[in-house]
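To start, the structure under review is shown below, and the notes come after it.
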Amino acid sequence: MREGDSVVTLIAFVVIFGTIVLFHELGHFCVAKLAGIRVYEFAIGFGPPLGSVTRGDTKYSLRAFPLGGFVKMAGMDEPVDGQEVAPEDDEGSFNNKSLPWRLSTIAAGPMMNFVFAVVLFVLYFMLVAVPPTITYVEPQSPGEAAGFRPGDLFVSVNGESVDSSERIVELIGLSAGEEMQVVVRRQQELVTILVTPEDRDGVGRVGVSIDSKAQYPFLISLEAGVTQTWRLTTQLIADIGNMITGKTKVEVSGPIGIVQIVGETARHGLPNLLVLAIILNINLGLLNLLPVPVLDGGWILILLVEAVRGKPLAPETRGIAQFIGLALLMALMLFATFKDLSRINLFS
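Once you know that position 238 of the sequence shown is 457 in our numbering, the rest is easy, because the numbers rise by one and skip nothing.
Below is the structure:
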């Protein structure tokens, strides 16, 4: 990898992954504040603090390494320097809030990742060029007779995938008097249309106007964003289920693999980075909902178990559960890193 590519990869990784984790922590922070939970610190980044400001009970800090952030809450974390430990009967303690508030505070992190994915999808559909789109169909034209409609998105022409209006016009122009098979996307369905371009001075014409830079309005972008986020989430759940049951091969990427993917995607432009950020958001949100102690899903499981028992788990039991969860995550991380190193032939 060239030095310039390495710099681009590093910057892209820090910006994408840092922003994703930051929004995750922002979800915890916002709901904790709504619940009246005392937040000791909300930090952007990790490592030594570069600066901080205190507002009310909360210290807002900027850290040296901009890879995400963290939230320290009373009842869950130790206070930062200069702050008093919350007493057991403190109303601002996480442990003294109702079960719905505690569950909401924990779940808000992963939920924020799904919301962020929807927001990025909206930006993608509104700002990034979508496939060539029919904007006008001439009355009494071959296009109208064949069934083209404004808003149809071109997918392929005579079996060839098309992503530019110039190529579509070229293919139509070369097919005067010859039947063509055109596949368009109409809302969520693929529609196959047979059309015969009329011959105009030796050049085929079907009587439609095509815009290769059409973009969706906000409401349609929002609907599409929610739909696509749900589709990718359910697809990922199915993939995880297939890996667990052995129906598909286990494929995981560790930090090295993720950095490589980000670097490769960055070389293909901002739109592709936007799509990658969406996928990583959904992955992080779903990963954190797994019922593994130390993850948000593990905390949710512990809270539900305590609710059923009618009393909190002993600190020793929580500690053992979190140790096991951490060990599982570390084992998975080591396995994924080994797979990454094997893929780049480091051991060959």
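Glycine included, every Cβ here is placed at the ideal spot set by N, Cα and C.
Worksheet item: Near residue 181, what residues of its chain come up, given a Cβ to Cβ distance below 7 Å and the 5 sequence neighbours on each side ignored?
Response: Residue 181 lies beyond the residue range present for the chain, which begins at 220 and ends at 567; the question has no answer from this structure.
Worksheet item: Cβ of residue 422 within 8 Å of Cβ of residue 412?
Response: no
Fill in: Beta-bridge partners of residue 417, as assigned by DSSP
424
Worksheet entry | Opposing strand residues paired with residue 355 [DSSP bridges] | 428
Worksheet item: Quick one: is residue 386 near chain D, going by C-beta distance under 8 Å?
Response: Absent here is chain D; the protein component of the structure consists of one chain.
Discussion item. Using only CA atoms, which one of 463, 294, 295, 420 lies nearest to residue 394?
Written reply: 420
Discussion item. Using CA atoms only, rank isn't needed, just tell me which of 382, 322, 451 is closest to residue 430.
Written reply: 382
Discussion item. Helix, strand or coil, according to DSSP, for residue 412 in the structure here?
Written reply: strand
Worksheet item: By DSSP, does residue 479 sit in helix, in strand, or in coil?
Response: helix
Worksheet item: Mind pulling the beta strand (DSSP E) runs of 3 or more residues that sit fully within the region 307 to 377?
Response: 352 to 356, 372 to 376
Discussion item. Is it the case that the region 354 to 364 contacts the region 448 to 461, given that we only count it when at least three CB pairs across the two stretches are under 8 Å?
Written reply: no
Worksheet item: Counting along the chain, where does the alpha helix (DSSP H) carrying residue 447 start and finish?
Response: 437 to 463
Practice prompt. For the beta strand (DSSP E) containing residue 270, list its first residue and its last residue.
Written response: 258 to 274
Worksheet item: With DSSP run on the structure shown, which of helix, strand or coil describes residue 529?
Response: coil
Worksheet item: Under the rule that 16 or more other beta-carbon atoms within 10 Å means buried, what is residue 262, buried or exposed?
Response: buried
Discussion item. I'd like to know if the region 518 to 526 and the region 364 to 379 are in contact, where contact means that at least 3 CB-CB pairs between them fall below 8 Å.
Written reply: no
Item to complete: Just the C-alpha distance for residue 629 and residue 385, rounded to the nearest angstrom, thanks.
Response: Since the displayed the chain opens at 220 and closes at 567, residue 629 lies outside it and no answer follows.
Worksheet item: By DSSP, does residue 505 sit in helix, in strand, or in coil?
Response: helix
Discussion item. By the three-class DSSP mapping on this structure, what secondary structure does residue 291 have?
Written reply: strand
Item to complete: Please go through the same chain and pick out, in chain order, the residues whose beta-carbon is closer than 8 Å to the beta-carbon of residue 525, but skip the five residues on each side of it.
Response: 531, 532
Worksheet entry | Close-in-space but distant-in-sequence residues of the same chain around residue 517 (CB under 8 Å, 5 per side omitted) | 509, 510, 511, 540, 541, 544
Discussion item. Let me confirm a value: residue 409 is counted as buried when at least 16 other C-beta atoms fall within 10 Å, else exposed. Which label applies?
Written reply: exposed
Worksheet item: So residue 371 and residue 396 are in contact, right, with Cβ under 8 Å, and what is the actual spacing, rounded?
Response: Not really, about 23 Å apart at Cβ, beyond 8 Å.
Worksheet item: In terms of alpha-carbon separation, which member of 251, 315, 252, 241 lies closest to residue 286?
Response: 241
Fill in: Span of the beta strand (DSSP E), counted from its first residue to its last, around residue 386
Where residue 386 is concerned, there is no enclosing beta strand (DSSP E), although the alpha helix (DSSP H) it sits in stretches over 384 to 392.
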